[in-house]
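For the sequence shown, position 389 matches number 389 in full-length UniProt numbering, and the numbering has no gaps at all.
Backbone N, C-alpha and C fix where the C-beta goes; we use that ideal spot for every residue, glycine too.
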Amino acid sequence: MRLAKLDELRQAAKTSVEIRSERERVKLGTQVESRVQKAEANRMKILKASHQKRACAKERTSQSMMRRMARESKYKERVRASINQKRVAAEKKRLGLLEAEKKKARARVQQVRHVANSVSNQREIERSKMRDKLEDKLQRAKRYRSEFLRQRRRQRDSISLYCDMMQEDADLLSRKLSRCWRCFVRQKRTTLDLAKAYDGLKINESLPFEQLAMLLESLNTLKTVKSLLDRLEIRLEASKNVTTVSQPSILDNIDHLLKRVATPRRKATPSTLRSRKGKKVSSVRNVAGTSVKMSRYPVRVVLSAFMILGHPDAVFNGQGDQEAALNNAAKGFVRELKLLINVIQEGPVQVSGGESKHRTLRSQLDLFDKAWCSFLNSFVIWKVKDARLLEDDLVRAACQLELSMIQKCKLTPEGVDTMLTHDKKAIQMQVTQDQELLTEKVRHLSGVAGVERMESALLETRTKYFQAKEDGSPMANQLAHFFSPSPASSPVQSVSSSSSRSKDSIGVEGSNRVNRSLLKDDTPPSSGPSRVSNGTVDEVSNQNELMVNEFLHDGNLNFPGGSTVKDEEDNLKRRIKETMERAFWDNVMESMKLEKPDYSCISNLMKEVSDELCQMVPDSWKVEITETIDLDILSQLLNSGTLDIDYLGKMLEFALATLRKLSAPANDRENESTHRDLLKELHRLCEAEDESGNFRAVAIVKGIRFILEQIQELKREIGIGRIAIMKPFLQGPAGFDYLTKAFEKRYGPPTQAYESLPVTRRWISTLLSSKEEWEEHNNTLSALNVVERSSMGISLKTGGSFLSPVNTTSKSTVMDTAGQLSECKGERVDLAVRLGLLKLVNQVAGLTPEVLPETFQLNLFRVRDIQAEIQNIIVVTTSLLIWRQMLAKSESETESMAKKLLELLDGKEGAGLTEIIETTMSEEDGEKKKMMRGLLGKSLGEGNTVYERVTSCIYKAARGALLAGNGENGKRMVETEMKKVGGGGGLKERVLETARALGVVACVSVRVHGPWLTQLMPQH
């Protein structure tokens, strides 16, 4: 019974569960169906909205395209109309120019015809005169012949014919001998006459440098001295040949030395090559087959002995053993030469000492030749050394040009990229021409071996560059021997590398066209203006940026001489440029002294003068300049071989007068005196006795050179004056705007900062701890303020805070009126730049352009100076700690010793451990010196506890002054940190000044590069 009830209950429960589950299933199905319908409705609404949105967008696009097409069509119509107008104007201008050229050509043809007629008439007159002279000579010869035949017929039958003939032959021989002697005396002159002519030149080592140089460059001097030296060589060979068998004597063989001082043959110019085309081939072969004998006494080397003896400072670059030996050899050679001249003029002389007291001509010739051999040997040794140094400079310059071209043109190891722009092709062509010129100079100095060394250096430069580029290492480490040395890797090795470097000023003098023409071997300088390279524009732009940057960092900057901020590489380029300029003018002078001088360079130089004057004068003066300096007439006169001194003199006087008008009134008296002296000197050269007329051409070239130099000096003064006028503007917002625009032009807009500033991006990525350092700085500053407040007590004041005032400098200036650095307010960019720059200068390795961020490239030298100053402070602080620990000195003595060490490191570059120990320790303390050397060497090594402690305290002191400014807060923070390492007042002032300089760099960078830095900050 109970089981039946249980079964019923179970069946009832089962039925109820099935009914409930069925209800729930139906309910859930209804809900799902409703949700599906709602989703379908929503989907249809979304699709409808999407279709409407697409239709609207398509409609807007079509309308914008229609408007754009309408604008483009209108713009094209305007462009076509403008092009047609310009084309018509250009055609009119072309026709006018063609007509002017035709008129000018007709005038030139008429003038040339006139000159040709005058020349032909003059030659016809000369031919008629020569014909008359020949007729007179023929008539006289006929009369003499008839008289001679008549006398001969009379004496034919004479008995004493034979005796008379013998007497006549004797008289004839005596007359011939007398005539030959007179001819020899007249043409070659005797040794005594040559010695007297040499003595009349008054060549003496005691003469002033300018007078002695002009005397040694004179053709008359060279000709007279060469004649005497050739005669002495002949007499010496004759005296050596007249020897006995028991006493054989031969000349010392010095051909190997003479080859070293032999002047290399000049390259044949196109004019000489054209003149040689008419010669026979046989004559060329004969000349090539005969070897020219070298003179035993080269005249220029002999005369250089007087210059070496009289003016060694002007000849030698240094004072070494070779220079001293050469000076002594020159002294002995000049003494023997003077004694030889005395023996020739007065006969054998008695001397007080030496090998032989009685000096005859033969014995004195032997002594003279020995002294000459000694001097020539010393001269060759010194010359080879000097030539090798010059060759190294030229090779280094060529390698720098090659490296600069590779970096500028972005060349690859496989070859040149075919997609080079016009500017890069011009740069490549210019570098190739410059390297060819340097190669030619090296060939003149060292021959084929020097050229091979230069090519090897260029190949090594290219290989190392591409290898370093592939490895990703800095170029300064791979090519260190081609650039100025970077600061040492340890503070000990070079602790005063550049701390005492004075602030150079920025030059404003532009590159002149004469200097550009020097970079072409013998190209006329008139071709210079038409090929101004893009590198010249970049150089001027860089100089302007450097100048504005210096004004913003140093308001008291002046320009005493227009010098530029350059490192050793730029100094080398400047020295090469000056050498090439001197070589150019020497080449022009030598070309004027040839038998057939080339006067075309005078025309080119006068064109240079005219162009330079027209660039500086007002428009109303240009007509007068072009009329006075008529280059067409001058070219025709010079091409005809005529050197009209009066016409050229008027041009020079006009150019000098124009320069006096353009110069400042305060310089009028000095300019008039200088120009008057120049004209007197040129007048004296023109009136000198010279059959070839070379002195006149040399005088004209000297005058043109002086005028070009005065023009460049005047341009420099004008540039300095303009800079002085712009100085107040450049020190304000205009200067910041200029640097910002220049930076944007070089590296692109701020939106491209991530790609265009890779070094700055990596540098900013390392500044993640700026916020923690800022909090640490604020905590330290608050603690100092609390301590000071508790020590000062309570004092009532009428308003304001009793703490030191915070610098509230506006953003328009970096420094306030009292020269105080503005305090950091915690702005993200300002804080990051200040702390990042401080970490850069605290690195041990020297900063190079490859590791310095692009935003600080203009301040590379300034940041290097700050880095060197911090290293000096570290070295002095560590040295004082060890010195006080060993000797237990008082604080006053420590201050004195700190001052001595700072003066040592500032005054002597490359000072190391030895100099520091010699300054701190006395001479008797040998053991203590060794102990201090060991302790100081260990303490200045990275990883040492003392070194880490000192650098940490100095870093925190500089950070406090950098963030709090160099006011009272900054001074208290510096004093607190420096006390921990025993730093005195002198070191505190150094830290404050270093932080001030670093803060100025950071503030200027924030003002100039703020948008780029802001763009880079969120990405890190």
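Put residue i into one of helix, strand or coil per three-state DSSP.
i: V617; result: coil
i: R359; result: strand
i: T766; result: coil
i: V851; result: coil
i: residue 1035; result: Only positions 1 to 1020 of the chain appear in this structure, which leaves residue 1035 out of reach.
i: Q843; result: coil
i: V112; result: helix
i: L445; result: helix
i: L821; result: strand
i: T1014; result: helix
i: Q11; result: helix
i: Q350; result: strand
Less than 7 Å between the beta carbons of residue i and residue j, yes or no?
i: V384; j: V299; result: no
i: G965; j: E869; result: no
i: V609; j: A655; result: yes
i: K899; j: G986; result: yes
i: L847; j: I704; result: no
i: I341; j: A238; result: no
i: S375; j: A324; result: The sequence given here places Phe at residue 375; Ser does not occur at that position. In this structure, A324 does not lie closer than 7 Å to F375 by Cβ.
i: D230; j: C373; result: no
i: C953; j: K929; result: no
i: I625; j: L634; result: no
i: T878; j: L940; result: yes
i: M214; j: L258; result: no
i: M897; j: I917; result: no
i: I645; j: C686; result: yes
i: L303; j: L232; result: no
Throw me the rounded Cβ distance for the residue i and residue j pair, which I believe falls under 8 Å.
i: L767; j: L835; result: 6 Å
i: V301; j: M307; result: About 11 Å separates the two Cβ atoms, so there is no contact after all.
i: T461; j: E402; result: 6 Å
i: P750; j: P1011; result: 4 Å
i: S640; j: V115; result: 7 Å
i: L714; j: L679; result: Rounded, the Cβ-Cβ distance is 19 Å, inconsistent with contact.
i: L638; j: Y599; result: 4 Å
i: F736; j: R1007; result: 5 Å
i: V829; j: T1014; result: 6 Å
i: V841; j: L998; result: 7 Å
i: L367; j: V334; result: Wrong, their Cβ atoms sit about 13 Å apart, outside the cutoff.
i: L831; j: W774; result: 6 Å
i: L1016; j: R761; result: 6 Å
i: A457; j: C399; result: 5 Å
Using the C-alpha atoms, what's the distance from residue j back to residue i?
i: I873; j: Q843; result: 14 Å
i: G960; j: M973; result: 6 Å
i: D611; j: L98; result: 23 Å
i: R175; j: R676; result: 57 Å
i: Y647; j: Q111; result: 17 Å
i: K103; j: R94; result: 14 Å
i: H553; j: V1000; result: 6 Å
i: M44; j: K53; result: 14 Å
i: R2; j: K14; result: 18 Å
i: K988; j: L901; result: 14 Å
i: F148; j: A141; result: 10 Å
i: V185; j: R179; result: 10 Å
i: S128; j: Q636; result: 28 Å
i: A957; j: A995; result: 9 Å
i: T221; j: K469; result: 58 Å
i: G982; j: L881; result: 7 Å
i: T432; j: E440; result: 12 Å
i: G937; j: L913; result: 8 Å
i: T674; j: R660; result: 11 Å
Just to confirm, does residue i get its C-beta within under 6 Å of one of the non-hydrogen atoms of the ligand SAH?
i: L340; result: Judged by which ligands are present, the structure shown has none, so any question about the ligand SAH falls away.
Quick one: complete alpha helix (DSSP H) runs, 4+ long, within the stretch 132-211? Those alpha helix (DSSP H) runs which fall completely within the stretch 132-211 and span 4+ residues are 161-187 and 191-200.
Restricting to runs no shorter than 4 residues, where is the alpha helix (DSSP H) found entirely within the stretch 638-699? Counting only runs of 4 or more residues that sit fully inside the stretch 638-699, the alpha helix (DSSP H) segments are 645-662 and 668-687, in chain order.
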